[in-house]
Structure formats: structure tokens, C-alpha cells
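Q: Provided herewith is a single structure, encoded as C-alpha cells, for subsequent inquiry.
Residue numbers (my numbering), protein chains in the order written: chain V, 340 to 499; chain L, 396 to 497.
And the structure:
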């Protein structure tokens, strides 16, 4: 059952990712990306990571994609009026295929034999997140968020 | 929860990463290029989750948490830059922004 669900969501993720890349209208790309993110959230859940699955929907599909759609509506963009050249398309396809082969050789060969028991509940993840090495990174993240907040306000201001 | 899904998850991760890289090369709209970068970040997150599941440690989960945070900050700043670019040039075509080209 889990395997069937995994392959359904994997097909959904790849299909909607192709929509993101293939569409010339950015609005359709954005909706395709939302479907990809939700399918990936389901896959995170199937791999036994409920905390990250929920975070994916709330932060990515919720906050970040709303921000994207907001900017798309704000700037009022239509479909691209210019196509990429044939050379660029060929180069892009060759580079993407080379990248996929390279990563396939590294990733598939590197995967260790999975352990049987795995506890990634919110409580377990929080214990790791709020203990020694990652606690300092967590605190540094708040400074990063503050800097991003100030930076985006300054950048998008009307009179720079 | 089944552990035998780790290998297919890694293959899915690399497929999504390659599709994202393809989009960065192919698309001309800067916002779509940005969305393809987000797609690549998500492929990396999936690889982290799969390795975390395979090794049975939670460090991968924590790293995905930080990647999500950085992606949120990156999206906010990136979209602010895109708004500023649109104000200056009145276009979103990636080839129009060549100020730093030699």
C-alpha cells in the first residue's frame, strides 16, 4: 500500500515538475510547483517524517508560493514572448542529462542499507534541534530571518 | 514507513533536480527561473529525508528544517530584487539583465 502511494505521488511530482518547466506562462508554472510541493510533502510523510511533511505544506506550499503568486499578480506578467534558441535547448538537455547521470552514479551507489526502526516524531526532531550543535545554528537563523526581512523591505522600496 | 522506499526516493530526488536544472537553462522569465531553483532545493530536501530514513539519524531532518528557513529568506529577498529589477528595466526577461556582463 505504502509503495503504491509512493509511486502515485512520485509520478504526480515528476509530472507537475515538468509542467513547471514546460509552461510559458509563469502563473501555470506556479500552480504546477504547488502540486509538486504537496506531492513531495506526501512522500516525506511516507518516508516517516511527519514533522517535515507538515512544515513543507505550511512553509513552502503556504507561505513561499503565496509570496510568488503575490509578486506575479503585482507585476502582472503574461506568457514569455520569446522562445529559447535551439542551441540553448540542446545544451540544456545535454547538461541536465549529464547531471542526472552523475548524481545517479553517486546517490544510488551511496545509499546505505536502511535501518529497520526509525523515530522522526516532532518530539524526537525537536530534541535534536534544540541540543548542542544545532541550537547555535537555530539561533543564527533568527538573525538571518531578520536580515532578510530588513533587506527585502529596503530592496523593494519605491524611492531607493 | 517502509525502508525499501529509500532507493526510489533518491531516484525521484535526482529526477526532480535535473528537471529543475533544465528549467533554469530553458525558461526566459526570471520568476520561473526562480521557481525552478526552489524545485531543485526541494529535490535536495528529499535526498536529505531519504538518507535520514536510511541511516536512522535525525540530522537530515534538522538540515531540511534549516534549508526550509533559508529558502523562505531567499524567496523574500529574491522576489524583492525581482520587483526592483522590474521597476528599473520594465521587463522580466533574464537576458535583459546583463549589467555585470563583461
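Backbone N, C-alpha and C fix where the C-beta goes; we use that ideal spot for every residue, glycine too.
This structure is a prediction, so every number in the text was calculated from the model and none was measured.
Let me know if residue 412 of chain V comes out buried or exposed under the rule of 16 or more other beta-carbons within 10 Å of its beta-carbon.
A: Under a 10 Å Cβ-count criterion, residue 412 of chain V is classified as exposed, with fewer than 16 other Cβ atoms of the shown protein chains found around its own Cβ.
Q: What residue does the alpha helix (DSSP H) around residue 473 of chain V start on, and which one ends it?
A: Unbroken alpha helix (DSSP H) run through residue 473 of chain V: 471-495.
Q: First and last residue of the alpha helix (DSSP H) that includes residue 440 of chain L?
A: 425-450
Q: Run the CB neighbour count on residue 404 of chain V, radius 10 Å, all protein chains shown included, and call it buried at 16 or more, exposed below.
A: buried
Q: If you follow the alpha helix (DSSP H) that residue 492 of chain L is part of, which residue opens it and which one closes it?
A: Taken as a continuous stretch (DSSP letters only), residue 492 of chain L belongs to no alpha helix (DSSP H), as it is neither H nor E.
Q: Let's test the definition: count the other Cβ atoms within 10 Å of the Cβ of residue 387 of chain V and tell me whether it reaches 16, buried, or not, exposed.
A: buried
Q: Please confirm if the region 440-449 of chain L is in contact with the region 413-420 of chain L, defined as three or more CB-CB distances below 8 Å between the two stretches.
A: no
Q: Kindly indicate if chain V contains any beta-carbon less than 7 Å away from that of residue 492 of chain L.
A: With its beta carbon at least 7 Å from every one in chain V, residue 492 of chain L lies outside the interface.
Q: What are the complete beta strand (DSSP E) segments, minimum 3 residues, inside the region 414-464 of chain V?
A: none
Q: Taking only the alpha-carbon atoms, compute the straight-line gap between residue 464 of chain V and residue 357 of chain V and give it to the nearest angstrom.
A: 33 Å
Q: Please name the residues in the region 406-429 of chain V whose beta-carbon is closer than 9 Å to at least one beta-carbon of chain L, in chain order.
A: 406, 407, 409, 410, 411, 413, 414, 416, 418, 419, 420, 421, 422, 423, 427 and 428
Q: Closest to residue 379 of chain V by CA distance: which of V:367, V:430, V:353 and V:359 is it?
A: V:353
Q: Take every Cβ of the region 460-473 of chain L, pair it with every Cβ of the region 382-399 of chain V, and state whether three or more of those distances are shorter than 8 Å.
A: Cβ pair count under 8 Å is three or more, so yes.
Q: Can you check whether the C-beta of residue 425 of chain L is within less than 7 Å of a C-beta belonging to chain V?
A: no
Q: How close, in whole Å, do the beta carbons of residue 417 of chain V and residue 364 of chain V come, if the pair is a contact with beta carbons under 8 Å?
A: 7 Å
Q: With a threshold of 7 Å between beta carbons, is residue 483 of chain L in contact with chain V?
A: False, the Cβ-Cβ gap to chain V never drops below 7 Å.
Q: Which residue wins for smallest C-alpha separation from residue 487 of chain L, given the options L:467, L:428 and L:468?
A: Ranking the options by Cα distance to residue 487 of chain L, first place goes to L:428.
Q: For the region 362-421 of chain V, list the alpha helix (DSSP H) runs that are entirely contained and at least 4 residues long, ordered along the chain.
A: Qualifying alpha helix (DSSP H) stretches, in chain order: 365-385, 389-394 and 404-414.
Q: When the Cα of residue 424 of chain L is compared with those of L:497, L:494 and L:490, which residue comes out closest?
A: L:490
Q: Taking three-plus beta-carbon pairs below 8 Å as touching, is the region 399-417 of chain L in contact with the region 436-445 of chain V?
A: yes
Q: Verify the CB distance criterion: does residue 461 of chain V have a CB-CB separation below 7 Å to chain L?
A: no
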